[in-house]
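Asker: Residue numbers (our numbering): 24 to 147.
Ideal Cβ positions, reconstructed from N, Cα and C, are used throughout, including at glycine.
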Amino acid sequence: MTRASTHANAAHLSPAFLDEVLARYSGTRLGRQEIDGEIIEERVDALWTRAVIEASRVATAPPLMRIVIGIDPPGSARPGADACGIVPAGIAEDERIYVLEDATVAGLAPSGDEGRCALSPTQG
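(1) Helix, strand or coil: which one does DSSP assign to residue 85?
(2) Hey, residue 48 and residue 57: beta-carbon distance below 8 Å or not?
(3) Starting from residue 76 and walking both ways along the alpha helix (DSSP H), at which residues does that stretch end?
(4) What are the uninterrupted segments assigned as beta strand (DSSP E) that are 3 or more residues long and contained completely in the region 32–76, given in chain order?
(5) When the Cα atoms are used, what is the spatial distance from residue 143 to residue 112?
(6) Quick one: using the 10 Å Cβ neighbour count with 16 as the cut-off for buried, is residue 34 buried or exposed?
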């Protein structure tokens with residue numbers, strides 16, 4: 024399986040076509056698939072449907088009372104090992120939780136060595 028974004032192919036596309044596609048589909052589910060090359064699957068065993076997730080998206084989170092960062096380190100740094108899951112989320116005054124980003128990174132080590140699974144001050 025391969026995937027690539029429309030941006031990776033931009034040199035081979037008409038500028039007018041590219042402008043039109045980006046203006047029309049940027050920020051939409053179809054845009055994430057067709058422009059960003061993201062594979063969006065619907066799983067029957069998922070806790071939430073894709074429709075519920077898409078309907079819950081907001082452009083900007085409100086002021087948050089508390090922010091936490093969940094980190095799921097990989098078990099190994101060998102080639103093909105799992106990525107290091109990094110997800111910051113916060114809670115607003117109305118007690119709604121906002122996931123701020125999926126900052127998951129592949130190729131990091133679980134130990135304290137160089138390249139460890141951690142956020143730098145500029146990332147978090």
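Answerer: On the basis of the coordinates in this document:
(1) coil
(2) yes
(3) Boundaries of the alpha helix (DSSP H) around residue 76: 73–79.
(4) none
(5) Low confidence applies to residue 143: its pLDDT is 46, below 50, so where it sits in the model is not reliable enough to give any reading.
(6) Within 10 angstroms of the beta-carbon of residue 34 lie fewer than 16 other beta-carbons, which makes it exposed.
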